[in-house]
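**Student:** One line per chain: the protein sequences are H and S, in this order. Those letters in the first sequence? Residues 22 to 133, per this note's numbering, in order. Those letters in the second sequence? Residues 2 to 176, per this note's numbering, in order.
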Amino acid sequence: MTVYILCFVLFLVGLYGVITRRNLIKIAISMSIMEFSIFLLLVLIGYIDNGLAPIVDPGTTGQVYVDPLPQAMVLTAIVIGLATTAMLMAIAIRLYRKYKTFDIREIKNLRG
Amino acid sequence: MELTISIILGFMIIGAIYALHAKDLLSAVIAIGMVGYGLVICFLLLKAPDLAIVQIVVETITLVIMVAVVLDSTRSEIETIPDRRSIVQMILGFIIFAGLFYFFIQAIENLDPLGAHTLRMSEIYVNGAVEKTGSVNLVTGVLFDFRAYDTLGEAVILYTAALGALTLLRMKGKK
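(1) Taking DSSP as the reference, what is the three-state secondary structure of Asp146 of chain S?
(2) Report, in whole angstroms, the separation of the C-beta atoms of Ile50 of chain H and Ile33 of chain S, which I expect to be a contact under 8 Å.
(3) Using a Cβ-Cβ cut-off of 6 Å (strictly less than) and excluding sequence neighbours within five positions of Ala17 of chain S, which residues of its own chain qualify?
(4) Under 7 Å, CB to CB, which of the residues in the stretch 52-63 of chain S have a partner in chain H?
(5) Between Asp124 of chain H and the rest of its own chain, which residues show a CB-CB distance below 6 Å, the 5 nearest in sequence each way excluded?
(6) Between Leu36 of chain H and Met55 of chain H, what straight-line distance do the alpha-carbon atoms span, to the nearest angstrom?
(7) Do Val24 of chain H and Lys48 of chain S have their beta-carbon atoms positioned less than 8 Å apart in this structure?
(8) How about Val64 of chain H and Gln84 of chain H: do their beta carbons lie closer than 8 Å?
(9) When burial is assigned at 16 or more other CB atoms within 10 Å of the CB, is His118 of chain S buried or exposed?
(10) Which residues bound the alpha helix (DSSP H) around Gln90 of chain S?
(11) With 16 other CB atoms within 10 Å as the buried threshold, where does Glu80 of chain S fall?
(12) With DSSP as the reference, label Asn44 of chain H as helix, strand or coil.
(13) Which of the three DSSP states is assigned to Ala117 of chain S in this structure?
(14) Measuring alpha carbon to alpha carbon, tell me which of S:Leu120, S:Leu21, S:Val157 and S:Thr63 ends up nearest Asp70 of chain H.
(15) Thinking just about the alpha-carbon of each residue, which of S:Phe12, S:Ala23 and S:Leu46 is nearest to the one in Gly116 of chain S?
(16) When we look at the beta-carbon of Gln90 of chain S and count the other beta-carbons within 10 Å, is it buried (16 or more) or exposed?
(17) If we ignore side chains and look at the alpha-carbon of each, how far apart do Gly178 of chain S and Ile114 of chain H end up?
(18) By the three-class DSSP mapping on this structure, what secondary structure does Asp88 of chain H have?
(19) Would you list, in sequence order, the uninterrupted alpha helix (DSSP H) runs of no fewer than 4 residues that lie entirely inside the stretch 6-66 of chain S?
(20) Closest to Met94 of chain H by C-alpha separation, out of H:Leu62, H:Ser53 and H:Ala107, would be which residue?
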């Protein structure tokens with residue numbers, strides 16, 4: 022149970038960053054922290070004690086493998102996380118070239 | 002196992018908190034690398050080698066992109082001066098975090114404890130995947146055969162994100 026709670030603490034650290042930071046890069050960093058905590062929680066749920074990695078050795082029977090379904094889901098989520106981070110970075114560098122700052126309050130003031 | 006994962010998670014939390022409070026953006030980006038590579042070690046300990054490989058590649062690409070963006074800028078963190086309103090917001094945020102924490106504790110009550118997971122629907126995948134898909138790696142069997150449309154959607158998202166980033170970077174700004 023401790024690991025699940027620590028995972029959630031990592032998620033809350035990311036949420037705290039998204040709420041309190043004023044810097045676009047720091048907000049992107051906080052979002053990836055939240056992503057990482059969710060990945061770890063899903064893989065932790067699928068873990069089985071003394072289970073083997075989900076790669077079948079043909080010819081052997083009765084082996085215990087860890088759950089492959091959460092791992093397949095997390096594999097998809099990691100790649101999508103990369104896509105969103107790259108997109109956020111493109112938007113950040115675009116805004117920086119226009120306003121010469123990463124401060125979201127300044128960008129809000131310069132609207133129009 | 003639980004203790005090892007907890008220690009690595011503790012380091013990851015320290016790295017995350019440092020990343021949020023670093024004065025220089027470059028050290029914040031390096032600290033987020035600590036969180037990402039800690040996750041790789043956790044994946045290896047949890048018997049997920051495919052995830053560890055993908056996470057290493059993705060983390061390295063993310064670090065390169067972030068360092069390229071940060072080096073192009075002023076790199077300094079924005080100063081915020083706390084006033085009376087921010088104390089009220091801080092108390093409000095603390096209450097919301099405590100509420101979220103309470104509901105999370107309620108939610109994990111029904112979860113299997115770590116290591117005692119029972120296979121429910123993935124039992125079919127584990128028992129029949131080798132005969133049905135011909136792949137000895139169960140994760141790729143699920144990803145590219147049982148859930149192939151999911152992977153197709155993922156490829157579409159990746160393509161769209163690459164297209165969007167390219168468009169944003171090529172666009173000339175309005176003067």
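Ideal Cβ placement from N, Cα and C applies to all residues, glycine included. Since the structure is predicted, the reported quantities are computational estimates derived from the model, not experimental observations.
**Tutor:** Concretely, from the data shown:
(1) Asp146 of chain S falls in the helix class under three-state DSSP.
(2) The pair is a contact, with the Cβ atoms about 5 Å apart (cut-off 8 Å).
(3) For Ala17 of chain S, the CB contacts under 6 Å within the same chain, skipping 5 residues up- and downstream, are Val36 in chain order.
(4) Listed in sequence order: Leu52, Val55, Gln56, Val59, Ile62 and Thr63.
(5) Answer for Asp124 of chain H: Arg43, listed in chain order.
(6) In this model, Leu36 of chain H and Met55 of chain H are separated by some 7 Å (Cα to Cα).
(7) Result no, Cβ atoms of Lys48 of chain S and Val24 of chain H do not sit closer than 8 Å.
(8) For Val64 of chain H and Gln84 of chain H, no; Cβs fall outside 8 Å.
(9) With 16 or more Cβ atoms within 10 Å of its Cβ, His118 of chain S is classed as buried.
(10) In the DSSP assignment, Gln90 of chain S falls within the unbroken alpha helix (DSSP H) covering Arg85 to Ala108.
(11) The residue in question, Glu80 of chain S, is exposed, as its Cβ has fewer than 16 Cβ neighbours within 10 Å.
(12) In this structure, Asn44 of chain H counts as strand in the three-state DSSP scheme.
(13) In this structure, Ala117 of chain S counts as strand in the three-state DSSP scheme.
(14) For the residues S:Leu120, S:Leu21, S:Val157 and S:Thr63, the minimum Cα distance to Asp70 of chain H belongs to S:Leu120.
(15) Per the Cα distances, S:Leu46.
(16) Exposed, since its Cβ has fewer than 16 Cβ neighbours within 10 Å.
(17) An answer regarding residue 178 of chain S cannot be provided, because it is not within the stretch 2 to 176 covered by chain S.
(18) Looking at Asp88 of chain H - three-state DSSP - the assignment turns out to be coil, as it is neither helix nor strand.
(19) Listed in chain order, they are 26-46.
(20) The shortest Cα separation from Met94 of chain H among H:Leu62, H:Ser53 and H:Ala107 belongs to H:Leu62.
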